[in-house]
Structures are given as structure tokens and as C-alpha cells.
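In what follows, a structure is listed as C-alpha cells, so that the remarks can point back to it.
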Amino acid sequence: MLQPKQRQLYNLVENSPQTWLGLGGARGGGKSGIGRRTVVLRAAKYPDTRHLVLRRLSKQLVDNHITPLFREYPQLEQFYLKSEKTLRLPNKSEVVFGYAENPAKDLQGDIYNYQGSEWLTIFGDEATQFNEEELTFIKTCCRWPGMTAKMLLTFNPGGRGHNFIKRIMVDRRFDENEKPEDYAFIRAFGWDNVEWVRGWLKSQGVSADDYYDKFTEVERRECFLEHSDYGRVLNALKGKMRQAYLLGDWDAFAGQFFDVWNEEEAVQVCPK
């Protein structure tokens, strides 16, 4: 069962014209789970198609996606080719679990190993771990004949891709030839994910449907902070970490990033 913001994201993937789709902000909002499920659902729905789950590190794929996938859907493990990190379904669709450990710069880096490939869906998890060059390049591989390919990004504030993600998703500031109608963003918080408080809700005789339908946003937030271990951990963070990871504040790291860098304007060369 998809949670409301997860369902909203899946509907955007399946039914909207946008091809850059983002879900992000605070930690704990169920971002990785819906990204992974969306890719598998699309692979099952559209025969003979290819889909990519992308993380920075190979170990992150195992810990955050491959292991959880087979814990949720153990029947799929029989179709998994471990040596290729590929899920090959009976309908001939493939889900490839890929990574790019060496960051790209000046058209060099692991992301360019995907040059020439084609994907109906690309899911970049923790997208702010990738820089602008990597994300814009992998988008060129998000293509499929006769169908609208989608790139789904999930992310938290911070990281080498912070400025780019903040610009196109959060601030919606677009450069020349970037079309606003190609981009959609859903902000997520820990209290959007009922799983953190499901045990407490059950003890109170409250259903997950009531949590979303009858609790206000403020009530869900207070429930998350008071009745989940993870909510208390995030709430106890200090300063910028609390602003970013609990509240999804994209300005928390403003002093560490330059949103606009123009070398000719920012750097003065002293005359000889």
C-alpha cells in the first residue's frame, strides 16, 4: 500500500508529462522505498523494457535497495542475477542496480560507463551525492522508443549536487533551454511515513488511514517527534543538521554553497 505522497509520486511517473521528478527534503519520508517500488512496478507493467536504480556506491545498492527489495518481495529473488546486479523478470524486462563511485568532471568519471544505454526509468537515489554534470548526463540516457521515459530523483539537502537540485526542484529557477513544465517536485518529511509510528498508533487503536485522513499535518509531526525513536533522534540534532534532516531546509547549508558562480565576476585578477 502506497502512502499519500508516494502515491502522488507514482501518479506523476505514470500519468504526467514531466520527465524530471523529485521527492525530497527531510530524512525518513519513505523516498527510497517508493523509488524502488516504482521501478519494479514499471518493469512488470511494460514488457521488454530496461530500468536503472542508481546510487553512488555499490554497497549502498545492497544495503538500501537489493536487500530490502527481497525482504519485501522474496518471490523476486529467483529472477536476480547477482553477478550482473540485474533483476530479469519473466516478461523480459530488466531492473539494473548501478553505481558510479568516481565522480565526473570534464566528461570523465564512472557515470560515462552508461553512455549509449537506454532506460525507460532511471531512479537516482540520494541524488545530491551526484553533481550536476552526472545528473544531466544520465538524463540523456533516459529514453525509450515510443514511450515517455522518466527520471525519478530522491534526495536530502547537502552534498555535491545540492545547488543543482535546489535550483531545478526547490527554487524552480531554470537556465536557458530548461523548460519548467519538464520538472515536478514533492517535498517529503519524516511524518509523511506512517511506518515510524505504526506500532504506537496500533496501541492507541488508530489506523494508518486515520493517521493520514484525520490527523492534521501538525498532529502527524508531533506524533512523529514524540512517539517514534527516529523522530526523537532527528529532533535532537543541532543547528544546520536539524534544519536539514528534520525540517528539509534547503537553506541550512547556504554558507557552504554558491548558488550562482560566475568566475569573471567573482574573481579579480591582479595586474602584473
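Numbering-wise, the sequence shown is residues 301 to 572 according to the numbering used here.
Yeah, the Cβ is synthetic: ideal placement off N, Cα and C, and Gly gets one too.
Identify which residue in the options has its Cα closest to the Cα of residue i.
i	options	result
Asp410	Asp471, His351, Leu357	Leu357
Leu302	Val494, Ala484, Arg542	Val494
Gly398	Lys359, Gln408, Pro317	Lys359
Ser503	Pro347, Ser528, Arg487, His462	Ser528
Glu394	Thr448, Gln408, Gly325, Val353	Val353
Lys466	Glu434, Glu526, Thr428	Thr428
Thr423	Leu309, Ser316, Gly539	Per the sequence presented here, residue 423 reads as Phe, with Thr not at that position. The shortest Cα separation from Phe423 among Leu309, Ser316, Gly539 belongs to Leu309.
Lys405	Thr349, Arg473, Phe474, Leu435	Leu435
Gly531	Gly329, Asn463, Gly505, Leu420	Gly329
Gly335	Asp348, Tyr346, Asn311, Pro317	Asn311
Pro657	Ser316, Tyr545, Phe489, Asn413	The structure shown does not extend to residue 657, since the chain is modelled only from 301 through 572, so no value can be given for it.
Asn364	Phe553, Lys331, Arg350	Lys331
Arg521	Met469, Leu547, Gly499, Val506	Leu547
Glu384	Ile366, Ser507, Gln375, Pro374	Ile366
When the Cα atoms are used, what is the spatial distance from residue i to residue j?
i	j	result
Glu372	Glu476	43 Å
Phe437	Pro390	30 Å
Asp471	Gln378	43 Å
Val340	Trp496	24 Å
Glu526	Ile486	25 Å
Lys540	Arg460	17 Å
Trp320	Thr386	24 Å
Glu426	Asp510	30 Å
Thr440	Leu369	27 Å
Lys450	Phe524	32 Å
Leu579	Trp491	Here the chain comprises residues numbered 301 to 572, so residue 579 is not present and cannot be evaluated.
Gly446	Gln318	16 Å
Arg355	Tyr483	21 Å
Going by DSSP in three states, residue i sits in which element: helix, strand or coil?
i	result
Trp441	For the record, residue 441 in the displayed sequence is Cys; it is not Trp. Three-state DSSP puts Cys441 in coil, outside helix and strand.
Tyr414	helix
Tyr511	helix
Asn315	helix
Gln308	helix
Arg487	strand
Val340	helix
Tyr380	strand
Glu478	coil
Trp561	Its pLDDT being 40, under 50, Trp561 is placed unreliably in this model, and the coordinates cannot settle the point.
Tyr545	helix
Phe430	coil
Could you spell out the range, first to last residue, of the beta strand (DSSP E) harbouring residue i?
i	result
His351	350 to 355
Met451	450 to 455
Thr604	Because residue 604 is not part of the residues shown, which for the chain are 301 to 572, the question remains open.
Gly324	320 to 325
Gly398	394 to 399
Just reading off the alpha helix (DSSP H) that residue i is part of, what are its end residues?
i	result
Arg532	529 to 535
Thr367	367 to 372
Leu387	That residue, Leu387, is in no alpha helix (DSSP H); its beta strand (DSSP E) goes 386 to 388.
Phe464	462 to 465
Is there at least one non-hydrogen atom of the ligand ZN closer than 7 Å to the beta-carbon of residue i?
i	result
Leu407	In the structure shown, the ligand ZN is absent, as is every other ligand, since no ligand is present at all.
### Task
Pair every Cβ in the stretch 451 to 458 with every Cβ in the stretch 324 to 340, then say whether three or more of these pairs are closer than 8 Å.
Contact between the stretch 451 to 458 and the stretch 324 to 340 is present, because at least three Cβ pairs lie under 8 Å.
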